[in-house]
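In our numbering, the protein residues as written are 12 to 219.
Note that the Cβ used here is the ideal one computed from N, Cα and C, for glycine as well.
Please read all numbers here as calculations on a predicted model, not as lab measurements.
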């Protein structure tokens, strides 16, 4: 078995955990630890990330110059996708709103959300009143035979066979593009969605 260490581990010994960032070409990735610091969701003002990790995320997002910024969560961002459970961001809605409001207040463009934890793959949107629509791509059930039912409201979803999600970026074109594909165990592409950077911006691009 081969193991690849993370680029670094959170805030070191003083702030342990498993959160880090890295870049591939012109795309920045922010990997969140949703377990180490999470509070009981039934407490007052519960936090999933903890103060240090959240501040790190805000600072990294503000400093990012990547065309696209991918924020990875171990649990779904969209609400209502794990009925009856407070384990995903459903149980931490105030902190979720704090993150989304930060994106809007600082006009951070090009953000994509990815997540896992459900035994299905899907694409969803999170509508925002004061910002652009956020897209969430969820990919799970790579090898697990146990299936979770599809939940209404997704752009598309898939749970018939084991599958994975593939994100492809092209930042060389005038309106940089990303494509999300769901590919099953038979190497069949069952769903595809493409977006332009112009759809993920607080300022409309003049196409004239």
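Among the options, nearest to residue i - alpha-carbon criterion
{"i": "residue 140", "options": "61, 112, 125 and 203", "result": "112"}
{"i": "residue 85", "options": "52, 22, 59 and 13", "result": "59"}
{"i": "residue 87", "options": "212, 129 and 159", "result": "129"}
{"i": "residue 152", "options": "171, 54, 70 and 137", "result": "171"}
{"i": "residue 203", "options": "149, 45, 185 and 155", "result": "149"}
{"i": "residue 30", "options": "138, 197 and 61", "result": "61"}
Which residues DSSP lists as bridging residue i, in chain order
{"i": "residue 205", "result": "190"}
{"i": "residue 80", "result": "39 and 122"}
{"i": "residue 176", "result": "193"}
{"i": "residue 139", "result": "For residue 139, which the question treats as bridged, DSSP gives no partner whatsoever."}
{"i": "residue 169", "result": "132"}
{"i": "residue 200", "result": "194"}
Pairwise C-alpha distance: residue j and residue i
{"i": "residue 72", "j": "residue 80", "result": "8 Å"}
{"i": "residue 218", "j": "residue 38", "result": "Confidence is the limiting factor: at residue 218 the pLDDT is only 40, short of 50, which leaves the residue's position unreliable and the question unanswerable from this model."}
{"i": "residue 209", "j": "residue 90", "result": "25 Å"}
{"i": "residue 114", "j": "residue 74", "result": "12 Å"}
{"i": "residue 56", "j": "residue 179", "result": "37 Å"}
{"i": "residue 216", "j": "residue 182", "result": "Residue confidence is low: residue 216 scores 40 on pLDDT, short of 50, so the model does not pin down where it sits. No coordinate-derived value is stated."}
{"i": "residue 169", "j": "residue 49", "result": "29 Å"}
{"i": "residue 99", "j": "residue 192", "result": "23 Å"}
{"i": "residue 167", "j": "residue 25", "result": "42 Å"}
{"i": "residue 32", "j": "residue 118", "result": "20 Å"}
{"i": "residue 35", "j": "residue 116", "result": "26 Å"}
{"i": "residue 161", "j": "residue 154", "result": "18 Å"}
{"i": "residue 201", "j": "residue 106", "result": "34 Å"}
{"i": "residue 159", "j": "residue 96", "result": "14 Å"}
{"i": "residue 43", "j": "residue 144", "result": "21 Å"}
{"i": "residue 17", "j": "residue 65", "result": "19 Å"}
{"i": "residue 157", "j": "residue 185", "result": "42 Å"}
{"i": "residue 51", "j": "residue 199", "result": "40 Å"}
{"i": "residue 136", "j": "residue 108", "result": "15 Å"}
{"i": "residue 125", "j": "residue 45", "result": "13 Å"}
Supposed contact pair residue j and residue i - C-beta distance, whole angstroms, cut 8 Å
{"i": "residue 146", "j": "residue 134", "result": "7 Å"}
{"i": "residue 174", "j": "residue 205", "result": "Between residue 205 and residue 174 the Cβ distance is about 18 Å, and since that is not below 8 Å, they are no contact."}
{"i": "residue 207", "j": "residue 187", "result": "7 Å"}
Contact under 8 Å by Cβ, residue i with residue j
{"i": "residue 28", "j": "residue 47", "result": "yes"}
{"i": "residue 189", "j": "residue 110", "result": "no"}
{"i": "residue 194", "j": "residue 211", "result": "no"}
{"i": "residue 93", "j": "residue 104", "result": "no"}
{"i": "residue 22", "j": "residue 83", "result": "no"}
{"i": "residue 213", "j": "residue 142", "result": "yes"}
{"i": "residue 68", "j": "residue 40", "result": "no"}
is_contact[residue i, chain D] using C-beta, thresh 8 Å
{"i": "residue 132", "result": "You won't find chain D in this structure, because it holds only one protein chain."}
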